[in-house]
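Chemist: Protein chains in written order, with my numbering: chain A, 28 to 216; chain B, 10 to 578. Even glycine gets a Cβ: it sits at the ideal position worked out from N, Cα and C.
1. In this structure, what does DSSP give as the bridge partners for residue 175 of chain B?
2. Just to confirm my understanding: we take residue 549 of chain B, look at its own chain, exclude 5 residues before and 5 after, and list those with CB closer than 6 Å. What are they?
3. Quick one: measure Cβ to Cβ for residue 158 of chain A and residue 204 of chain A, integer angstroms, because I've assumed they're closer than 8 Å.
4. Assess, as a yes-or-no matter, whether the segment 193-207 of chain B is touched by the segment 237-246 of chain B under the definition of 3 or more beta carbon pairs within less than 8 Å.
5. In angstroms with no decimal places, state the Cα-to-Cα distance between residue 123 of chain A and residue 285 of chain B.
6. With 8 Å as the limit, tell me which residues of the segment 88-115 of chain B have their beta carbon closer than that to any beta carbon of chain A; keep them in chain order.
7. Taking only three categories from DSSP, how would you classify residue 44 of chain B?
8. Do we get a CB-CB distance below 8 Å when we pair residue 164 of chain A with the residues of chain B?
9. If I measure Cβ to Cβ from residue 165 of chain B and keep anything under 6 Å in the same chain, skipping five residues before and after, which residues do I get?
10. So, is residue 60 of chain B buried or exposed, given that buried needs 16 or more other C-beta atoms within 10 angstroms?
11. Tell me the DSSP secondary structure of residue 80 of chain A in three-state form.
12. Would the segment 528-541 of chain B count as touching the segment 411-422 of chain B if we require 3 or more Cβ pairs under 8 Å?
13. Looking at the structure shown, is residue 363 of chain B part of a helix, part of a strand, or coil, going by DSSP?
14. For residue 66 of chain B and chain A, any beta-carbon pair shorter than 8 Å?
15. Please name the residue, chosen from B:309, B:505 and B:541, that lies closest to residue 16 of chain B on a Cα-to-Cα basis.
16. So with CB distances below 7 Å, who are the chain A contacts of residue 249 of chain B?
17. Residue ranges of each beta strand (DSSP E) run of no fewer than 3 residues wholly in the segment 203-262 of chain B, ordered along the chain?
18. The beta strand (DSSP E) spanning residue 203 of chain A covers which residue range?
19. If you measure from the beta carbon of residue 231 of chain B to each beta carbon in chain A, is any gap under 8 Å?
20. Is residue 84 of chain B helix, strand or coil when you go by DSSP?
21. Does chain A have any CB closer than 8 Å to the CB of residue 129 of chain B?
22. Could you give the distance in angstroms between the alpha-carbon of residue 95 of chain B and the alpha-carbon of residue 140 of chain B?
23. How would you list, in chain order, the residues of chain B whose beta-carbon sits under 7 Å from the beta-carbon of residue 33 of chain A?
24. Among A:197, A:154, A:118 and A:202, which residue has its Cα nearest to the Cα of residue 12 of chain B?
25. So which of B:331, B:354 and B:351 has the shortest CA-CA distance to residue 343 of chain B?
26. Pull the bridge partners of residue 421 of chain B from the DSSP assignment, please.
27. So is residue 186 of chain A buried or exposed if we call it buried at 16+ other beta carbons inside 10 Å?
28. Kindly say whether residue 418 of chain B, judged by its beta-carbon, lies nearer than 8 Å to any beta-carbon of chain A.
29. Reducing DSSP to helix, strand and coil, say where residue 154 of chain A ends up.
30. Once you ignore the five residues that flank residue 69 of chain A on each side, which residues in its own chain have a CB closer than 7 Å to its CB?
31. Tell me, which residues are paired with residue 142 of chain A by DSSP?
32. Which bits of chain B does residue 176 of chain A rub up against, with CB to CB less than 7 Å?
33. From residue 51 of chain B to residue 207 of chain A, what distance separates their C-alpha atoms?
34. Would you call the CB atoms of residue 138 of chain B and residue 103 of chain B closer than 8 Å?
35. Hey, is residue 158 of chain B's beta-carbon within less than 8 Å of any beta-carbon in chain A?
36. If we call anything under 8 Å between Cβ atoms a contact, is residue 295 of chain B one with residue 241 of chain B?
In structure tokens form, the structure reads like this:
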């Protein structure tokens, strides 16, 4: 039986080198060469400044920007160094209380229709980059007013930044909030 | 539920179906030691490994020696991983300067990865250095999967050999599974993942200046290489805390399809390889049909429950159109989320693209139930197959009792020795799951970890031990499991679920390989037809259902009715 000690040790170490070092480092090398943008976290730059990643949501609270979904990360929302969902179950009083507060703030802002679910529920990651088209449209009037723009022009931007399903089948329709807000900022210039 | 949603689900499953035969055939050639396409490159590497390790690849092992090899290799893997985690502060590639991992968490994590569970008591981006992720966790993603495949291959051989004692050589089977099957697939999938947007860098994080002028620190790293083997090896341990719900770990709908495809493809092909090795391909398709029927029902049930939404929130004025969106990401949609949730638990993957804790009661019941069925739909790479063969043995036994004949499976008589070991294997799961859940539900240290109150709290505990003993790894993550109590007991549950299952399986293989293969006669119960598939499904559901129904009734089922009546906790 002890004659199996040698293969146990040798194979653990040699396969560690192959699968734990050579494999990920080779993937890093090839990835950095062939797909540099993606491999480097899909960063978005304005001039020399990194303003975010096209995949990662960021927090917006100003009226001139579209707002993202609620986020459960701590200590601050949209903490991209510690992803987290709320993990609250469907019968959680804390969840119901939070959603109620959000719904009421929409209502007091003059929304009379039913609120899109993504506008009042926190995402799984806490850094969901997208919102639904309904939620975006709900914000058009506010953003247009804050920016002194025609609401039609703002909703044009929402449409232009809506990601459609490929061939109408693959993927979900959604609006990348950072991309939309960048487009609005670029409009101004 | 929408037609487009079902179309996405169907096409993903269809892609898996098309890949089963070619990959399964390739794998059967690999395990037979035959020359394959990759032999010119990999054969020298393989031979060099054997030379240094002192392995004579023509020397086969009996079941005890094979099992001892498995245990020894898993122990070595545990020690190396535990050491790396504890010492990560002085090891290289630690750009974020994380401290060494605490002893109980390192124990839990090391056990978790050598048992192919990949339960995360930690948040990846706040705990693990790149070295730990690569040379520690990624390695066990390969090796624990390869170990499971080796055991499945050993069991397959027992059905084709007569009057023998040996089942193959564990070291050769495991090495070939790693080098010829998992590694090449991982390279392809990792590169596709990068192309689809997944980061693959040695940087630890970068700081963005948001449009509103705030600083946002964004964690990143060598994500794609880990994600690829996480899926292919049905491991499920994520690079990030929220696993494949993180946009870097699952950037879009296409990475989601590829993730689900990669989870399913090796396990399913393993069943085909079993049929090929055991000389009975129709048997493989019969097992695959049973798996597919249950899995598709599971997907449909989650999809239905989640699109039905949460009536308590609808009452508050939330539009029910999107369904239940708490703990979900926009880019996957309800179809992509339901598909992932059912597949990750029908398999022993355990990665998540939504927070299972926030699923509706019935939407959360299904993943938990799929784990409790024993992770055979189609289960972990290797482990799913041998789990299914155990169920098949139980099925022919029950069928044999009904008609009063000695049960046979693939020409091997199933007698009391095999039945005893099969029962040992299937009883380990309820013992670990229900036993530990019951204890945790009364101890203050157990209750201290709960986030949700009411029946959902019980579900958190029940899910945790189901996930650990079933070697799944997903969670109702409201439970704060990073405590000495949970780290230790979940670790024990994982060890029981893995090794107290593997040893009886190999014992059955050892017993079967010594028997004469009897030719099928007119009185043989055919195990490749619809009648057998139906019986097999029945056995799986009865074993899972009867054992866990009382506990599930107190958790998700009662919560469902309370939700309908608007009760909160």
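Modeler: The answer reads as follows:
1. DSSP lists B:71 as partners of residue 175 of chain B.
2. 382 and 400.
3. Contact flag correct, Cβ pair sits at about 6 Å.
4. Segment contact: the segment 237-246 of chain B against the segment 193-207 of chain B, three or more CB-CB distances shorter than 8 Å; contact assigned.
5. In a straight line, the C-alpha of residue 123 of chain A is about 54 Å away from that of residue 285 of chain B.
6. Residues of the segment 88-115 of chain B with a C-beta atom less than 8 Å from some C-beta of chain A are 89, listed in chain order.
7. Coil, per DSSP.
8. No, residue 164 of chain A lies away from the interface with chain B (no Cβ there is under 8 Å from its Cβ).
9. Within the same chain, Cβ atoms closer than 6 Å to the Cβ of residue 165 of chain B are found at 283, 286 and 287, the five residues on either side in sequence being excluded.
10. Exposed, by the Cβ-count rule.
11. Annotated three-state conformation of residue 80 of chain A is strand, per DSSP.
12. Between the segment 528-541 of chain B and the segment 411-422 of chain B there are three or more inter-stretch CB-CB distances shorter than 8 Å, so the stretches are counted as touching.
13. Of the three classes helix, strand and coil, the one that applies to residue 363 of chain B here is coil, per DSSP.
14. Answer no: the Cβ-Cβ gap between residue 66 of chain B and chain A never drops below 8 Å.
15. Of the listed residues, the one whose Cα sits closest to residue 16 of chain B is B:309.
16. Residues of chain A passing the Cβ test: 110.
17. Positions of the beta strand (DSSP E) runs, each at least 3 residues long and wholly inside the segment 203-262 of chain B, are given as 214-218 and 224-228 in order along the chain.
18. Unbroken beta strand (DSSP E) run through residue 203 of chain A: 201-203.
19. Closer than 8 Å: yes.
20. Residue state, collapsed to three classes: helix.
21. With a threshold of 8 Å between beta carbons, residue 129 of chain B makes no contact with chain A.
22. Cα atoms of residue 95 of chain B and residue 140 of chain B: separation of roughly 12 Å, rounded to the nearest angstrom.
23. In chain order, 62 and 63 make up the part of chain B whose C-beta sits under 7 Å from the C-beta of residue 33 of chain A.
24. Just measuring C-alpha positions, the residue of A:197, A:154, A:118 and A:202 sitting nearest residue 12 of chain B is A:197.
25. The shortest C-alpha to C-alpha distance from residue 343 of chain B to any of B:331, B:354 and B:351 is the one to B:331.
26. For residue 421 of chain B, which the question treats as bridged, DSSP gives the partners B:418.
27. Burial state of residue 186 of chain A is exposed, judged by a 10 Å Cβ sphere holding fewer than 16 other Cβ atoms.
28. It does not; no Cβ of chain A falls within 8 Å.
29. Residue 154 of chain A: coil per DSSP, three-state reduction.
30. Same-chain partners within the cutoff: 80, 81 and 82.
31. B:327, per the DSSP bridge assignment.
32. Under the 7 Å cutoff, chain B gives no residues; its nearest Cβ is about 17 Å from residue 176 of chain A.
33. Rounded to the nearest angstrom, the two C-alpha atoms are 49 Å apart.
34. Between residue 138 of chain B and residue 103 of chain B, the C-beta gap is smaller than 8 Å, which places the two residues in contact.
35. Chain A contact via Cβ: absent.
36. Against a cut-off of 8 Å, the Cβ pair of residue 241 of chain B and residue 295 of chain B comes out as no contact.
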